[in-house]
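Engineer:
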Amino acid sequence: IICKDPYSLRSVSKTGKTPVALTFGDFRNEDIIDLAVLNYDEQSVDFLLGNSKNTYETEIIYDTGSAPSFVFTGDINGDGLPDIIIVNENDGTISVLLDNPDDSFQSTTTYQVGQRPVSVTSADFTGNGDFDVIVANYGDNTLRLLFGTNGRFSEIYISIPVGLQPIYIISGDFNSDGKVDWAVVNNGDNTIHVGIARGFGIFENSQIYKVGDHPVAIITTDLNHDEILDLIVANYGDNSVSVFLGNDDGTFQA
Numbered sequence: 610i611i612c613k614d615p616y617s618l619r620s621v622s623k624t625g626k627t628p629v630a631l632t633f634g635d636f637r638n639e640d641i642i643d644l645a646v647l648n649y650d651e652q653s654v655d656f657l658l659g660n661s662k663n664t665y666e667t668e669i670i671y672d673t674g675s676a677p678s679f680v681f682t683g684d685i686n687g688d689g690l691p692d693i694i695i696v697n698e699n700d701g702t703i704s705v706l707l708d709n710p711d712d713s714f715q716s717t718t719t720y721q722v723g724q725r726p727v728s729v730t731s732a733d734f735t736g737n738g739d740f741d742v743i744v745a746n747y748g749d750n751t752l753r754l755l756f757g758t759n760g761r762f763s764e765i766y767i768s769i770p771v772g773l774q775p776i777y778i779i780s781g782d783f784n785s786d787g788k789v790d791w792a793v794v795n796n797g798d799n800t801i802h803v804g805i806a807r808g809f810g811i812f813e814n815s816q817i818y819k820v821g822d823h824p825v826a827i828i829t830t831d832l833n834h835d836e837i838l839d840l841i842v843a844n845y846g847d848n849s850v851s852v853f854l855g856n857d858d859g860t861f862q863a
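In the working numbering, the protein residues as written are 610 to 863.
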């Protein structure tokens with residue numbers, strides 16, 4: 610299919626060197642969407658502030674760790690503002706930026722998370738009302754759960770062994786019990802591991818599903834409108850997508 614009337618280029622905004630990931634949010638609480646862009650080589654995040662003309666001109670820069678490569682947005686301290694979690698691949702850390710009600714963020718807080726972290730998800734995994742984080746560590750084949758309190762994270766953590774080279778983690782309530790579960794795709798052995806929450810940060814990590822060759826990403830949504838979450842995986846190595854329809858007990862149809 611050839612588009613006869615292609616969209617024109619709306620605007621161009623400069624970023625730092627080698628931008629590799631981005632996200633969006635109303636970071637100033639003004640009902641205007643802003644952008645956050647990770648610059649891999651410059652070890653920074655650029656905030657491009659939107660305006661009423663739907664362009665992005667003002668740039669605010671914050672330092673990150675080494676090789677920032679993945680970014681997550683969510684209200685992790687419960688103040689109604691979108692915060693930022695950045696995964697820094699080379700130094701084994703995450704950078705957390707808590708949003709202020711103006712055009713700024715609080716000082717960056719850095720946490721050690723493991724060897725070569727590549728993705729992160731955040732949710733209330735313990736059921737205590739505070740957001741926690743789980744990081745996928747590609748370099749040591751683990752997940753690391755950090756316990757949160759009002760946007761800060763404890764040095765106490767749980768390490769969860771998974772498959773070979775976990776590359777992308779997501780969270781969701783897969784068995785509709787009100788607890789947040791997780792699923793991670795493992796690039797090195799072509800599998801998904803699913804962890805079903807049992808409460809207080811404890812997971813039953815026994816479900817393993819085969820996918821296509823060298824999977825690189827996973828998402829969850831209700832594909833078939835049965836009010837149960839399903840899983841979709843992108844497989845880089847064989848140019849395919851794997852779909853797993855969810856059952857009501859937290860398992861998936863292989």
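Using N, Cα and C, we set each Cβ at its ideal position, and we do this for glycine too.
#1: Opposite Ile841 in the DSSP bridges: which residues?
#2: Do you know whose CA, among Gly687, Lys626, Asp684, Asn699, lies nearest Ile670's CA?
#3: On the three-pair Cβ rule with 8 Å, is the stretch 694 to 706 touching the stretch 714 to 725?
#4: Run through the stretch 724 to 766 for me and flag every whole beta strand (DSSP E) of 3 or more residues, listed as ranges in chain order.
#5: Going by DSSP, which residues form a beta bridge with Thr667?
#6: Look at the alpha carbon of Ile694 and the alpha carbon of Ile827, and state the distance between them as a whole number of angstroms.
#7: DSSP state of Arg807, grouped into three classes?
#8: So, do the stretch 765 to 777 and the stretch 796 to 814 have three or more beta carbon pairs nearer to each other than 8 Å?
#9: Going by C-alpha to C-alpha distance, which of Tyr747, Phe762, Val742 sits closest to Leu754?
#10: Measure the Cβ-Cβ separation of Leu773 and Asn795 and say whether it is below 9 Å.
#11: Going by beta-carbon coordinates alone, are Ser713 and Tyr665 separated by less than 9 Å?
#12: Would the beta-carbon of Thr632 fall within 9 Å of that of Thr673?
#13: Check this for me: beta carbons of Ile778 and Leu840, under 9 Å apart or not?
#14: Can you tell me the Cα-Cα spacing of Asn750 and Pro775, whole angstroms?
#15: Going by DSSP in three states, Phe679 sits in which element: helix, strand or coil?
Structural biologist: Considering the structure as presented:
#1: Its beta-bridge partners are Ile828, Val852.
#2: Lys626
#3: yes
#4: 726 to 732, 741 to 746, 751 to 758
#5: Leu658
#6: 19 Å
#7: strand
#8: Touching, yes.
#9: For the residues Tyr747, Phe762, Val742, the minimum Cα distance to Leu754 belongs to Val742.
#10: yes
#11: no
#12: Not in contact: Thr632 and Thr673 (Cβ atoms no closer than 9 Å).
#13: no
#14: 6 Å
#15: Residue state, collapsed to three classes: strand.
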